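According to the working numbering, the sequence shown is numbered sequentially starting from 84. Every residue gets a Cβ at the ideal spot worked out from N, C-alpha and C, and that includes glycine. Computed from a predicted structure; not experimentally measured.
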Amino acid sequence: MTSATDQNTFFIGGEYRKPEGSGRITVISPNTEQALGSVPDGTDADIDAAVAAARRAFTDADGWGGWTADQRASAMERLADELDKRAGDLAQAVSAQNGMPIAVAQQLEAVFPQLLLRYYAGLAREHAFEETRPGVLGGSTLVTSSPVGVVGAIVPWNFPQALAAFKYAPGLAAGCTFVLKPSPETVFDAYIFADAVAAAGIPEGVINIVPGGRELGAYLVSHPDIDKVAFTGSSSAGRSIAEVCGRLLRPVTLELGGKSAAIILDDADLDLAKVGEQIFGATLLNNGQTCFLGTRILAPRSRYDEVVETFAGLAGSLQVGSALEPTTQIGPMATSRQRDRVESYIAKGKGDGAKIAAGGGRPQALDQGWFVEPTIFADVDNNYAIAQEEIFGPVLSVIAYDGDDDAVAIANASDYGLGGSVWTSDHDHGVAVARRVVTGSLGINAYLPDPPLLSEG
Ligand code: NAD
84 MTSATDQNTF
94 FIGGEYRKPE
104 GSGRITVISP
114 NTEQALGSVP
124 DGTDADIDAA
134 VAAARRAFTD
144 ADGWGGWTAD
154 QRASAMERLA
164 DELDKRAGDL
174 AQAVSAQNGM
184 PIAVAQQLEA
194 VFPQLLLRYY
204 AGLAREHAFE
214 ETRPGVLGGS
224 TLVTSSPVGV
234 VGAIVPWNFP
244 QALAAFKYAP
254 GLAAGCTFVL
264 KPSPETVFDA
274 YIFADAVAAA
284 GIPEGVINIV
294 PGGRELGAYL
304 VSHPDIDKVA
314 FTGSSSAGRS
324 IAEVCGRLLR
334 PVTLELGGKS
344 AAIILDDADL
354 DLAKVGEQIF
364 GATLLNNGQT
374 CFLGTRILAP
384 RSRYDEVVET
394 FAGLAGSLQV
404 GSALEPTTQI
414 GPMATSRQRD
424 RVESYIAKGK
434 GDGAKIAAGG
444 GRPQALDQGW
454 FVEPTIFADV
464 DNNYAIAQEE
474 IFGPVLSVIA
484 YDGDDDAVAI
494 ANASDYGLGG
504 SVWTSDHDHG
514 VAVARRVVTG
524 SLGINAYLPD
534 PPLLSEG
């Protein structure tokens with residue numbers, strides 16, 4: 084079951100099971116606007132079966148529930164090996180469904196899950212899951228690290244494999260079991276993943292997969308037999324999931340949206356021949372459909388025109404086309420709804436008084452597919468909707484600042500706080516500015532996933 088074509092089952096309890104309902108999810112290619120195929124649409128009864136299978140696996144003392152950390156780590160490494168074997172199929176499936184340039188899918192979607200699995204397998208081997216500590220008042224205390232239980236994992240369409248792995252890799256290391264609900268836009272890659280799970284000898288029921296829409300996600304979140312929810316997606320969905328979990332007193336992890344700042348300091352080297360790739364990765368990766376991107380470009384007023392020209396030059400130089408072409412740098416938006424959203428923000432930006440410095444329309448040479456030209460807005464005020472709201476497309480706003488204090492104040496004047504970057508020839512100056520930005524993580528002259536993790540892979 085390795086190809087991205089029609090499927091008729093779900094992966095539940097270690098086997099491919101017939102769905103309870105008759106609904107189908109059809110995936111439309113963002114590259115061609117043609118149907119790619121369909122899979123069953125999950126129902127509440129399918130989720131019930133998946134949760135029950137995950138619970139059985141969790142409590143099975145002769146199976147996963149009784150496995151040592153070493154046994155789990157070995158299983159995770161086998162899963163990584165099985166994903167390696169399917170890396171080409173995974174990248175192809177993701178790219179075909181969501182428009183991620185195939186080169187990006189090959190570098191991230193087909194690689195990151197294995198890095199995470201091997202990294203967390205290593206942690207599972209090192210971690211003291213049980214420790215006896217001498218009691219302060221005499222006697223001793225046995226301290227155990229116990230898995231939380233059955234996890235409901237809900238992922239978005241933009242990096243479906245990597246974002247699922249961010250949930251199941253640490254969870255498997257801890258001993259949890261999973262019900263994974265992929266987004267309806269990206270379902271086929273989940274079947275390839277299921278194949279790898281089965282081939283790796285992960286015990287039945289440890290990972291169960293039921294694709295479906297937001298109602299199905301909501302059912303999973305509030306299911307009485309789920310112990311924890313792990314969610315990645317939009318802030319609005321995250322807020323409603325947090326409300327439900329708050330009411331249920333259910334632990335929840337939320338990874339939500341972003342509107343990060345890329346702060347260009349007055350001494351930054353903007354030679355695209357040297358830093359073009361890094362700037363692209365930090366601001367436009369995956370067609371702008373990446374949570375951490377620095378989509379607010381903060382430019383010193385003294386270099387404002389030069390920064391606008393540099394970004395306009397970058398946008399104009401990018402290869403826009405089918406995601407499946409190896410040379411493509413900007414593919415289509417994942418769905419027609421997503422393109423509508425991006426175009427509505429471009430209209431809002433113009434309406435608010437920002438000026439288009441590059442792009443702003445649809446590429447003329449591409450008459451099929453949900454493409455948007457890489458777009459650079461100049462003369463943007465940080466209060467404009469295009470600077471405050473997550474667009475999730477290849478649209479950047481260049482905002483002028485006067486001095487470091489002003490740059491930091493603008494960077495922090497946002498509801499979001501996920502990533503960001505500082506661009507400078509003086510590393511220490513960059514770090515000093517970065518320390519003042521209230522956000523999750525910042526890069527200096529690049530924005531990359533955690534390097535120790537990569538080097539250990
Ligand atoms: P979305 O919130 O619409 O959907 C994400 C997933 O949640 C989907 O599987 C969807 O079916 C499900 N869902 C939606 N509403 C739900 C609800 N009320 N209850 C349960 N499940 C629900 O997001 P999207 O449009 O698919 O993805 C894009 C968003 O994800 C962007 O905002 C992006 O920034 C964010 N994202 C964040 C990270 C991160 O690590 N912080 C990474 C990637 C994407």
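With a CB to CB cut of under 7 Å and the five nearest residues on each side skipped, what residues in its chain are close to residue i?
i, result
"T115", "Q451 and G452"
"T227", "F212 and E213"
"A186", "P409"
"I290", "Y251, F261, L263 and V280"
Would residue i be called buried (16 or more neighbouring beta carbons within 10 Å of its own) or exposed?
i, result
"G284", "exposed"
"A118", "exposed"
"V219", "exposed"
"R100", "buried"
"G486", "exposed"
"G182", "buried"
"V520", "buried"
"R384", "exposed"
"R169", "buried"
"L531", "exposed"
"E360", "exposed"
"V514", "exposed"
"P409", "exposed"
"K357", "exposed"
"D145", "exposed"
"L191", "buried"
"T369", "Here residue 369 turns out to be Asn, not Thr, going by the sequence shown. N369 is buried by the Cβ-count criterion."
"G222", "exposed"
So, for residue i: in the same chain, excluding its five sequence neighbours on each side, which residues have a beta-carbon less than 6 Å away from its beta-carbon?
i, result
"L367", "P477"
"F94", "A277 and I292"
"E165", "A279, A282 and A283"
"G296", "P267"
"N465", "I482, I493 and A496"
"A163", "Q197, L200 and R201"
"D488", "none"
What three-state label does DSSP hand residue i in the structure shown?
i, result
"L381", "strand"
"I51", "The first residue shown for the chain is 84 and the last is 540, placing residue 51 beyond what the model contains."
"S266", "coil"
"P217", "strand"
"T336", "strand"
"G371", "helix"
"F394", "helix"
"T411", "coil"
"A496", "coil"
"F363", "helix"
"V293", "coil"
"V177", "helix"
"F271", "helix"
"Y99", "strand"
"V238", "coil"
How would you write the range of the beta strand (DSSP E) that residue i sits in, first residue to last?
i, result
"R169", "Premise fails: R169 is in no beta strand (DSSP E) and is neither H nor E."
"A248", "Here A248 belongs to no beta strand (DSSP E); instead the alpha helix (DSSP H) covers P243 to A257."
"A529", "Neither: A529 is in no beta strand (DSSP E) and is coded neither H nor E."
"V122", "A118 to P123"
"F94", "F93 to I95"
"R107", "R107 to I111"
Which residue comes first and which comes last in the alpha helix (DSSP H) that contains residue i?
i, result
"P196", "F195 to E209"
"V134", "D127 to T142"
"K431", "S419 to D435"
"L302", "Sequence check: residue 302 is Tyr here, not Leu. From DSSP, the alpha helix (DSSP H) with Y302 extends over R297 to V304."
"V516", "H510 to R519"
"E326", "S318 to L331"
Quick one: what's got a C-beta closer than 8 Å to residue i's C-beta in the same chain, skipping five residues either side?
i, result
"E456", "A398, V403, A441, G442, G443, G444, R445, P446 and P477"
| request: Answer yes if the segment 391 to 399 comes into contact with the segment 422 to 435, meaning at least three C-beta pairs across the two stretches below 8 Å, and no otherwise. | output: no
| At a cut of 8 Å, does the segment 326 to 337 reach the segment 494 to 507 through at least three beta carbon pairs? | no
| Given 8 Å as the limit, is there contact between the segment 317 to 326 and the segment 244 to 264, that is, 3 or more CB pairs closer than that? | no
| query | Are the segment 263 to 274 and the segment 233 to 242 touching by the rule of at least three beta carbon pairs closer than 8 Å? | reply | With a cut-off of 8 Å, the segment 233 to 242 and the segment 263 to 274 count as touching, because enough Cβ pairs lie within range.
| Can we say the segment 370 to 381 touches the segment 338 to 347, given the rule of at least three CB pairs closer than 8 Å? | yes
| When the Cβ atoms of the segment 296 to 310 are set against those of the segment 127 to 146, are three or more pairs found closer than 8 Å? | Here the segment 296 to 310 makes contact with the segment 127 to 146; the two share three or more CB pairs at distances below 8 Å.
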